[in-house]
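Visitor: Dropping a structure here in structure tokens format, bear with me for questions.
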Amino acid sequence: LSRDCKVEVQRILHQRALDVKLDPELQKRCMTDLGKWCSEKTDTGQELECLQDHLEDLVSNCREVVGNLTELESEDIQIDALLIRACEPVIQAHCHDVADNQVDTGDLMECLVQNKHQKEMNDKCAVGVTHFQLIQMKDFRFSYKFKMACKEDVLRLCPNIKKKVDVVICLSTTVRNDTLQEVREQRVSLKCRKQLRVEELEMSEDIRLEPELYEPCKSDISRLCPNVAFGNAQMIECLKEQKKQLSQRCHQRIFKLQEVEMSDPELDYQLMRVCKQMIKRFCTEADARNVLQCLKQNKNSELMDPKCKQMITKRQITQNTDYRLNPVLRKACRADIPKFCQSILNKASEDSELEGQIIACLKLKYADQRLSPDCEDQIRVILQESALDYRLDPQLQMHCSDEISRLCAEEAAAQEQTGQVEECLKGNLLKIKLEACKKEVLNMLKESKADIFVDPVLHTACALDLKHHCAAITPGRGRQMSCLMEALQDKRIRLQPECKKRLQDRIDMWGYAAKVAPAEGFSDLAVQVMTSPSKNYILVMIALSVCVLFLVGLLCGRITKRVTRDMKDR
Numbered sequence: 001l002s003r004d005c006k007v008e009v010q011r012i013l014h015q016r017a018l019d020v021k022l023d024p025e026l027q028k029r030c031m032t033d034l035g036k037w038c039s040e041k042t043d044t045g046q047e048l049e050c051l052q053d054h055l056e057d058l059v060s061n062c063r064e065v066v067g068n069l070t071e072l073e074s075e076d077i078q079i080d081a082l083l084i085r086a087c088e089p090v091i092q093a094h095c096h097d098v099a100d101n102q103v104d105t106g107d108l109m110e111c112l113v114q115n116k117h118q119k120e121m122n123d124k125c126a127v128g129v130t131h132f133q134l135i136q137m138k139d140f141r142f143s144y145k146f147k148m149a150c151k152e153d154v155l156r157l158c159p160n161i162k163k164k165v166d167v168v169i170c171l172s173t174t175v176r177n178d179t180l181q182e183v184r185e186q187r188v189s190l191k192c193r194k195q196l197r198v199e200e201l202e203m204s205e206d207i208r209l210e211p212e213l214y215e216p217c218k219s220d221i222s223r224l225c226p227n228v229a230f231g232n233a234q235m236i237e238c239l240k241e242q243k244k245q246l247s248q249r250c251h252q253r254i255f256k257l258q259e260v261e262m263s264d265p266e267l268d269y270q271l272m273r274v275c276k277q278m279i280k281r282f283c284t285e286a287d288a289r290n291v292l293q294c295l296k297q298n299k300n301s302e303l304m305d306p307k308c309k310q311m312i313t314k315r316q317i318t319q320n321t322d323y324r325l326n327p328v329l330r331k332a333c334r335a336d337i338p339k340f341c342q343s344i345l346n347k348a349s350e351d352s353e354l355e356g357q358i359i360a361c362l363k364l365k366y367a368d369q370r371l372s373p374d375c376e377d378q379i380r381v382i383l384q385e386s387a388l389d390y391r392l393d394p395q396l397q398m399h400c401s402d403e404i405s406r407l408c409a410e411e412a413a414a415q416e417q418t419g420q421v422e423e424c425l426k427g428n429l430l431k432i433k434l435e436a437c438k439k440e441v442l443n444m445l446k447e448s449k450a451d452i453f454v455d456p457v458l459h460t461a462c463a464l465d466l467k468h469h470c471a472a473i474t475p476g477r478g479r480q481m482s483c484l485m486e487a488l489q490d491k492r493i494r495l496q497p498e499c500k501k502r503l504q505d506r507i508d509m510w511g512y513a514a515k516v517a518p519a520e521g522f523s524d525l526a527v528q529v530m531t532s533p534s535k536n537y538i539l540v541m542i543a544l545s546v547c548v549l550f551l552v553g554l555l556c557g558r559i560t561k562r563v564t565r566d567m568k569d570r
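Written out as structure tokens, the structure reads:
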């Protein structure tokens with residue numbers, strides 16, 4: 001249309017959006033539905049909003065004309081004069097550039113959504129923007145930018161699907177499958193993938209924009225999170241924190257959501273919001289899928305924001321409840337998990353956590369030095385992290401919560417977790433009454449014996465001695481621990497007093513552990529021998545025993561198998 005004609009059409013559309021009586025076609029087709037659904041909605045603009053809310057219940061003729069008008073609104077939100085008036089402050093502060101454009105192609109609404117939680121946003125504007133987002137969920141055509149970017153992809157890959165949320169799921173599943181299979185050419189076009197990311201991020205902000213999650217969790221929301229706001233992903237975060245109390249259907253959906261978020265942290269709205277500045281500081285060069293990994297690596301930096309640090313810890317606790325929520329571990333240990341932990345997998349259900357059982361199984365194999373190199377590296381990282389914060393070990397927390405309250409309450413109450421709770425449990429090993437907890441602490445001792453890096457207290461105490469006496473020794477597989485043991489036995493070497501004390505404590509604990517939980521097999525016995533302070537003596541004695549046995553066998557064989565000379569000559 002010409003510019004003057006376009007202005008005139010927009011003026012008429014603005015008027016009709018305020019009063020359906022000014023739209024003869026709408027009034028003619030929707031008279032019955034207006035009387036049935038919207039008889040009490042008489043204020044300016046309320047009738048059209050009401051018809052949009054009941055879009056799926058309208059007769060086909062009315063639904064068509066309301067759908068067309070909603071589609072027009074998505075292209076030019078300025079048609080909705082009431083919403084524009086309510087949002088004037090936030091438009092002036094954050095969206096004046098796109099508002100001044102002669103032609104709006106969905107940019108203004110996108111800007112309002114992105115700035116929904118700014119201080120200039122008032123209640124009326126926030127309600128109007130959320131209402132528009134909810135209406136958009138009914139049909140992907142109601143989201144103009146998404147429709148224009150993905151129209152061809154939808155027709156090709158997701159035919160016969162109308163609801164926007166279903167279209168988003170269809171397209172994002174296609175993108176995810178192509179990425180995982182490392183296909184040469186993605187089936188979803190680049191422009192569609194970019195807009196799809198915008199839609200996914202918007203949906204992650206409010207649970208009501210994800211009907212597949214919202215519907216199964218409605219009763220849980222009213223029961224567990226009645227006073228929590230929907231926006232800013234606060235409701236989703238509340239459900240995550242109350243996960244153990246959720247109904248089965250809601251729990252399954254939350255688990256699936258967390259699985260998606262862990263593989264693509266950019267979709268974790270709360271993480272991205274709380275850690276926005278820290279991501280800019282530490283992770284500008286990190287790939288979007290490695291953002292959480294990058295934040296974990298910088299978690300203990302002095303420049304790390306406390307709120308972001310707390311959020312990272314929350315996500316680490318979640319990851320350690322189930323290996324499926326840790327994509328890096330899952331990939332690194334894909335051969336080791338079925339090899340060593342198949343019995344646990346057989347009992348597992350598809351959509352519920354394994355409470356750290358698989359990771360606990362892999363930890364034991366790490367102590368036995370039986371994991372593949374890639375898997376060993378990932379388990380070492382998990383051991384190092386959980387050695388500093390007991391909350392990152394689901395099995396320890398599950399079995400030892402009572403003992404921690406009884407024996408280590410002061411250490412557990414400390415704001416900074418520096419491995420003191422674990423140290424307290426080790427020191428009070430003889431006082432622990434619960435067998436399951438005692439077993440977990442013994443496992444911790446076994447793991448620390450295999451690698452000094454997973455025992456932060458001992459490692460800190462012996463850092464100087466490691467540098468002076470074991471610098472040439474390659475870390476891992478108990479080699480540096482053996483080096484320290486030999487240094488402790490060598491009277492010519494003087495270790496630091498704190499290191500000597502901690503090392504002697506560990507030897508006493510390992511001695512007790514060996515009595516309480518003796519080696520279960522040859523591999524356990526081999527590990528105990530190789531990490532023993534008397535390793536050289538034991539190996540020499542074994543070698544002498546084998547030599548003596550060989551000589552005795554040789555001698556006895558000569559006596560018992562004596563052959564006559566006639567037989568020899570023959």
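Each step along the sequence shown adds one to the number in the UniProt record's numbering, with nothing skipped, and position 473 is 473. Virtual Cβ for every residue (Gly too), placed ideally from N, Cα, C.
What distance in whole Å lies between the Cβ atoms of Asp455 and Gly476, which are believed to be in contact at a cut-off of 8 angstroms?
Guide: Taking the first residue of the sequence shown as 1, we reach residue 476 at position 476. Taking the first residue of the sequence shown as 1, we reach residue 455 at position 455. No, Gly476 and Asp455 are not in contact; Cβ-Cβ is about 13 angstroms, not under 8 angstroms.
Visitor: Can the beta-carbon of Cys294 be found less than 8 angstroms from the beta-carbon of Cys308?
Guide: Numbered from its first residue, the sequence shown carries residue 294 at position 294. Numbered from its first residue, the sequence shown carries residue 308 at position 308. No, the pair does not count as a contact, with Cβ atoms beyond the cut-off.
Visitor: If we count the other Cβ atoms within 10 Å of its Cβ and call it buried at 16 or more, is Phe142 buried or exposed?
Guide: As a working mapping, residue 142 is identified with position 142 in the sequence shown. Under this definition Phe142 is a buried residue.
Visitor: Check each candidate in Glu215, Glu47, Gly106, Arg187 and name the one with the smallest Cα separation from Val198.
Guide: As a working note, residue 198 is residue 198 in the sequence shown. Answer by Cα proximity: Gly106.
Visitor: Rounding to the nearest angstrom, what Cα-Cα distance links Pro211 and Phe255 in this structure?
Guide: In the sequence shown, the residue the question calls residue 211 occupies position 211. In the sequence shown, the residue the question calls residue 255 occupies position 255. Whole-angstrom Cα-Cα distance: 16 angstroms.
Visitor: Less than 8 angstroms between the C-beta atoms of Glu355 and His399, yes or no?
Guide: Against the sequence shown, residue 355 aligns to sequence position 355. Against the sequence shown, residue 399 aligns to sequence position 399. No, these two residues do not count as a Cβ contact at 8 angstroms.
Visitor: Whole angstroms are fine: how far does the CA of Ile493 sit from the CA of Gln504?
Guide: Locating residue 504 in the sequence shown gives position 504, where the first residue counts as 1. Locating residue 493 in the sequence shown gives position 493, where the first residue counts as 1. Roughly 15 angstroms separates the two Cα atoms.
Visitor: Please report the distance separating the alpha-carbon of Ile236 from that of Arg184.
Guide: Here residue 236 refers to the residue found at position 236 when the sequence shown is read from its first residue. Here residue 184 refers to the residue found at position 184 when the sequence shown is read from its first residue. Approximately 35 angstroms between the Cα atoms of the pair.
Visitor: Given this structure, state the Cα-to-Cα distance separating Val328 from Glu64, to the nearest angstrom.
Guide: Counting from one through the sequence shown, the residue named residue 328 turns up at place 328. Counting from one through the sequence shown, the residue named residue 64 turns up at place 64. In a straight line, the C-alpha of Val328 is about 48 angstroms away from that of Glu64.
Visitor: Assuming Glu205 contacts Ala229 (C-beta within less than 8 angstroms), just tell me the rounded distance between them.
Guide: As a position in the sequence shown, residue 205 is number 205, starting the count at 1. As a position in the sequence shown, residue 229 is number 229, starting the count at 1. Going by Cβ atoms, the distance from Glu205 to Ala229 rounds to 11 angstroms, so no, they are not a contact pair.
Visitor: Please look up how many angstroms separate the CB atoms of Val291 and Ile279, rounded, as I've assumed it's under 8 angstroms.
Guide: Taking the sequence shown and counting its residues from 1, the one referred to as residue 291 is at position 291. Taking the sequence shown and counting its residues from 1, the one referred to as residue 279 is at position 279. The Cβ separation is near 6 angstroms, so the contact holds.
Visitor: If you draw a straight line from the alpha carbon of Ala286 to that of Val165, how long is it in whole angstroms?
Guide: Reading the sequence shown from its first residue, position 286 is the one you call residue 286. Reading the sequence shown from its first residue, position 165 is the one you call residue 165. So the alpha carbons of these two residues sit roughly 29 angstroms apart.
Visitor: My guess is that Val167 and Val175 are in contact by the Cβ rule of under 8 angstroms, so how many angstroms apart are they, rounded?
Guide: Reading the sequence shown from its first residue, position 167 is the one you call residue 167. Reading the sequence shown from its first residue, position 175 is the one you call residue 175. Not a contact, Cβ separation roughly 13 angstroms.
Visitor: Look at the alpha carbon of Lys500 and the alpha carbon of Met485, and state the distance between them as a whole number of angstroms.
Guide: Within the sequence shown, numbered from 1, the residue matching residue 500 stands at position 500. Within the sequence shown, numbered from 1, the residue matching residue 485 stands at position 485. One C-alpha to the other measures close to 10 angstroms.
Visitor: Count the C-beta pairs between the region 84–92 and the region 36–52 that are closer than 8 angstroms, then say yes if the count reaches three, no if not.
Guide: The region 84–92, when compared against the region 36–52, does not touch it at the 8 angstroms Cβ threshold.
Visitor: To the nearest angstrom, report how far apart Asp97 and Val9 are at their CA atoms.
Guide: As a first step, residue 97 is located in the sequence shown; it is residue number 97 there, counting from the start. As a first step, residue 9 is located in the sequence shown; it is residue number 9 there, counting from the start. When rounded, the distance between both Cα atoms is 23 angstroms.
Visitor: So what's Ser232 in DSSP terms, helix, strand or just coil?
Guide: One-based indexing of the sequence shown puts residue 232 at position 232. The sequence shown places Asn at residue 232, rather than the Ser named in the question. In this structure, Asn232 counts as coil in the three-state DSSP scheme.
Visitor: Find the nearest neighbour of Ser189 within the set Cys158, Glu152, Lys218, Arg208, judged by alpha-carbon distance.
Guide: If you number the sequence shown from 1, residue 189 lands on position 189. Considering only alpha carbons, the answer is Glu152.
Visitor: What is the DSSP secondary structure of Arg63, reduced to helix, strand or coil?
Guide: Taking the first residue of the sequence shown as 1, we reach residue 63 at position 63. In this structure, Arg63 counts as helix in the three-state DSSP scheme.
Visitor: Measuring CA to CA, which of Lys163, Lys147, Glu88 is closest to Glu56?
Guide: Taking the first residue of the sequence shown as position 1, residue 56 is located at position 56. For the residues Lys163, Lys147, Glu88, the minimum Cα distance to Glu56 belongs to Lys163.
Visitor: Distance check for Leu267 and Glu200, CA to CA, integer angstroms please.
Guide: Residue numbering aside, residue 200 sits at position 200 when the sequence shown is read from its first letter. Residue numbering aside, residue 267 sits at position 267 when the sequence shown is read from its first letter. C-alpha separation (whole angstroms): 7 angstroms.
Visitor: Which value, in whole angstroms, describes the spacing of the CA atoms of Leu239 and Leu209?
Guide: Position 239 of the sequence shown holds residue 239. Position 209 of the sequence shown holds residue 209. Looking at the two C-alpha atoms, the distance is approximately 16 angstroms.
Visitor: Does the separation of the CB atoms of Ala487 and Asp508 fall below 8 angstroms?
Guide: In the sequence shown, residue 487 corresponds to position 487, counting from 1. In the sequence shown, residue 508 corresponds to position 508, counting from 1. Contact: no.
Visitor: Whose C-beta lies closer than 7 angstroms to the C-beta of residue 587 among residues of the same chain, with five residues either side of it excluded?
Guide: It is not possible to answer for residue 587, since the shown part of the chain is limited to 1 through 570.
Visitor: To which residues of the same chain is Ser172 closer than 8 angstroms at the C-beta, ignoring the five residues directly before and after it?
Guide: Here residue 172 corresponds to residue number 172 of the sequence shown, with the count starting at 1. Once the five neighbours on either side are set aside, the close Cβ partners of Ser172 are Leu196, Glu200.
Visitor: Out of Asp123, Ile379, Gln480, state which residue places its alpha-carbon closest to the alpha-carbon of residue 573.
Guide: Coverage of the chain is limited to positions 1 through 570, which leaves residue 573 absent and any answer about it impossible.
Visitor: What residues in its chain sit with their C-beta under 8 angstroms from that of Tyr269, if we drop five residues either side in the sequence?
Guide: Locating residue 269 in the sequence shown gives position 269, where the first residue counts as 1. Excluding positions up to five away in sequence, the list reads Leu201, Ser204, Glu205, Asn232, Ala233, Ile236.
Visitor: Are the Cβ atoms of Ile317 and Leu392 separated by less than 8 angstroms?
Guide: As a position in the sequence shown, residue 317 is number 317, starting the count at 1. As a position in the sequence shown, residue 392 is number 392, starting the count at 1. Yes, the pair counts as a contact, with Cβ atoms nearer than the cut-off.
Visitor: Go ahead and pull the three-state DSSP assignment for Asn300.
Guide: Here residue 300 is taken as the residue at index 300 of the sequence shown, counted from 1. DSSP places Asn300 in coil when its eight states are reduced to three.
Visitor: In this structure, does DSSP put His54 in helix, strand or coil?
Guide: Position 54 of the sequence shown, counted from the first residue, corresponds to residue 54. In this structure, His54 counts as coil in the three-state DSSP scheme.
Visitor: In whole angstroms, give me the CA-to-CA distance for Leu434 and Cys192.
Guide: One-based indexing of the sequence shown puts residue 434 at position 434. One-based indexing of the sequence shown puts residue 192 at position 192. Taking the straight line joining both Cα atoms gives about 56 angstroms.
Visitor: Thinking just about the alpha-carbon of each residue, which of Gln114, Lys276, Pro89 is nearest to the one in Glu120?
Guide: Translated into the one-based positions of the sequence shown, residue 120 becomes position 120. For the residues Gln114, Lys276, Pro89, the minimum Cα distance to Glu120 belongs to Pro89.
Visitor: Can you list, in chain order, the residues of its chain with a C-beta nearer than 6 angstroms to that of His469? Leave out the 5 residues immediately preceding and following it.
Guide: As a position in the sequence shown, residue 469 is number 469, starting the count at 1. These residues qualify, in order along the chain: Ala487.
Visitor: How is the alpha helix (DSSP H) around Tyr144 delimited, first residue to last?
Guide: Residue numbering aside, residue 144 sits at position 144 when the sequence shown is read from its first letter. Looking at the DSSP string, the run of the alpha helix (DSSP H) that includes Tyr144 is 144–157.
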